[in-house]
C-alpha cells in the first residue's frame, strides 16, 4: 500500500535530513566555521556586515546538499563534491579581491583541506575493509588538524614574529602541545568513529535480518504500519476484500508422494503466489498448507490478482494433474493484532472471511467465484455465469459469479 511514511529500509538507513546535518557538521561545515572564527576575530563585528560570510555559508549548504542527494556517490564524485564549497567561495571572492584572495593563509588552507579530505573519501569507497579502516582514521586525523590549522593561522596573523618558520613556531611549548593534542584527539576520534561504524554495520545487518523475519509474519505493508504508527494495528472494523485459493484434491495427491516431493511443490506454489501478489495492493497474505488467504483494500485488485494466480497455477499444477480454485468476498470485518501479552499476530475475523472461504470451496479447478458484493465493484469485468450455491452457516443460497479468465 502506498504511503508517505518512511519504509523499513529508510528507517534503518536514516532519513535524508539526518544525513544532511551529519554531512554539514561532520565534514563540509568544519573549515568554513574556522574561517568564520578567524575573520570575525580579526575584523570584529564589521565582518558580519560584509558579503563574505553570506557566500561562505550558502556555499557550504550547497555542497552538503550535493553530497547527500545521492547515497551511492562514487569515489570520484565524493572528491569533486568536496571542492564545491571552496570553488563557489573562491569564485565570489576572487571576483571582488582578485588573486590577492589567495594570499590569506586560511583561504589557501581551505583548498588544501578540501582536496585532502576529498581524496581520502574517494579512497574510502574501496571494498577493502582494512584499507577503509585506515583511511577512516586518517580522515579523522586530518579533520582534527583543522582546529590546529585555525589556531596556527590566527597566530600567524596576530604574532608574525613567532611564526616566521615552523621551527620557531614549534619552539613555543604551547604550540607543540596544541598540535600533539589535536593529533591525539584525531586518532581517538578515528578509533571511536571506526567502532561506531562497525557497530552501525552490525546493527544494520541485524535489523535487516529481523525485518525479513518480521515480514514473514506481518508482510511489508503491515510491518511499515506497525513501525510508523503502532496504534493503527489495534482491532478495528474495516471493509476489505478477502481472497482464498487452494489446490483441488491436494490431500489425496499428497498421500501417494514423499514428504520431500510435497514440500518441493508447496514451495513452488508459494513462490508463484508471492510473485503475483507483491504486484498488488495486498495488506497481508498467509499460507496454510495448500491454502492461501489474501486481504485486499480494493476489490478490483483482488479479482485481477485472482486471474493472474489462476493462469500461473495452470502452468505450475497441470503437469501434476492438479488445479486450484479461488473464492472472493467483500464486506466488513475486524482486523488487527490478536493474541496475549507475549505472542501476537495479525488476522482478520468475521463472516466476510468465512463466506470467502466457503465460496472458494465451491469453485472448481481453474475457476474464480466472486460474491455479489465483490461483483458490484468489478467495473464491467466479464463473467462466465451467475449461479447460486448453498454454503454452511447460510440459511439462503449465495449468488456468486464465475469470472472470465483470459
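In this note's numbering, the protein residues as written are 304 to 709.
Quick reminder that beta carbons are idealized off the backbone N, C-alpha and C, glycines included.
Keep in mind that this is a model prediction, so the values were computed, not measured.
Please check the pair residue i and residue j, which I expect to be a contact at CB under 8 Å, by giving their CB distance rounded to whole angstroms.
i, j, result
"residue 547", "residue 691", "So it is not a contact: roughly 19 Å between Cβ atoms."
"residue 708", "residue 625", "Actually they do not touch by this definition, with Cβ atoms about 17 Å apart."
"residue 448", "residue 504", "So it is not a contact: roughly 27 Å between Cβ atoms."
"residue 671", "residue 706", "4 Å"
"residue 598", "residue 565", "So it is not a contact: roughly 27 Å between Cβ atoms."
"residue 542", "residue 634", "7 Å"
"residue 332", "residue 363", "5 Å"
"residue 457", "residue 383", "At roughly 30 Å, the Cβ-Cβ gap does not stay under 8 Å, so residue 457 and residue 383 are not in contact."
"residue 341", "residue 409", "5 Å"
Residue i to residue j, Cα distance in whole Å?
i, j, result
"residue 638", "residue 545", "12 Å"
"residue 335", "residue 413", "8 Å"
"residue 621", "residue 612", "13 Å"
"residue 373", "residue 434", "24 Å"
"residue 463", "residue 472", "10 Å"
"residue 677", "residue 655", "11 Å"
"residue 589", "residue 609", "15 Å"
"residue 606", "residue 600", "12 Å"
"residue 666", "residue 627", "9 Å"
"residue 697", "residue 657", "11 Å"
"residue 618", "residue 436", "52 Å"
"residue 506", "residue 702", "54 Å"
"residue 375", "residue 682", "44 Å"
"residue 509", "residue 573", "26 Å"
"residue 632", "residue 659", "5 Å"
"residue 643", "residue 636", "21 Å"
"residue 387", "residue 496", "25 Å"
"residue 468", "residue 502", "44 Å"
"residue 576", "residue 594", "11 Å"
"residue 474", "residue 377", "43 Å"
"residue 361", "residue 442", "24 Å"
Enumerate in chain order the residues of its own chain whose CB-to-CB distance from residue i is below 8 Å, with the five nearest sequence positions on each side excluded.
i, result
"residue 445", "416, 419, 420, 423, 489"
"residue 403", "none"
Where does residue i land, buried or exposed, given buried means 16+ other C-beta within 10 angstroms?
i, result
"residue 736", "Residue numbering for the chain in the displayed model covers 304 to 709; residue 736 lies beyond these limits and cannot be assessed."
"residue 700", "exposed"
"residue 385", "buried"
"residue 587", "buried"
"residue 493", "buried"
"residue 602", "buried"
"residue 553", "buried"
"residue 381", "buried"
"residue 513", "exposed"
"residue 455", "buried"
"residue 487", "exposed"
"residue 398", "exposed"
"residue 389", "buried"
"residue 559", "exposed"
"residue 339", "buried"
"residue 539", "exposed"
Taking 6 Å as the limit between beta carbons, can you name the residues of its chain near residue i, skipping five residues before and five after?
i, result
"residue 337", "449, 453"
"residue 395", "358"
"residue 710", "Nothing can be reported for residue 710, as the shown portion of the chain is limited to 304 through 709."
"residue 306", "Residue placement at residue 306 cannot be trusted, given a pLDDT of 48 that sits under 50; what the coordinates show is reported in the next sentence. If we look at residue 306 and ignore the five residues flanking it on each side, it has no Cβ neighbours."
"residue 440", "493"
"residue 405", "411"
"residue 427", "435, 438"
"residue 604", "583, 584"
Quick one: what's got a C-beta closer than 7 Å to residue i's C-beta in the same chain, skipping five residues either side?
i, result
"residue 592", "none"
"residue 371", "319, 322, 323, 326"
"residue 451", "481, 482, 485"
"residue 379", "425"
For residue i, is the beta carbon positioned less than 7 Å from some heavy atom of the ligand ATP?
i, result
"residue 397", "In the structure on display, the ligand ATP does not appear, and there are no ligands present to speak of."
What runs of the alpha helix (DSSP H), each 4 residues or longer, lie entirely inside the segment 556-605? 562-580
Report the start-end ranges of each alpha helix (DSSP H) in the segment 451-521 that is 4 residues or longer and not cut off at the edges. 469-473, 476-521
My parser needs the alpha helix (DSSP H) runs of 4 or more residues fully inside the segment 351-425; what are they? 355-371, 378-384, 387-400
Which parts of the segment 595-665 are runs of the beta strand (DSSP E), unbroken and 3 residues or longer, counting only runs that do not cross its ends? 626-642, 647-652
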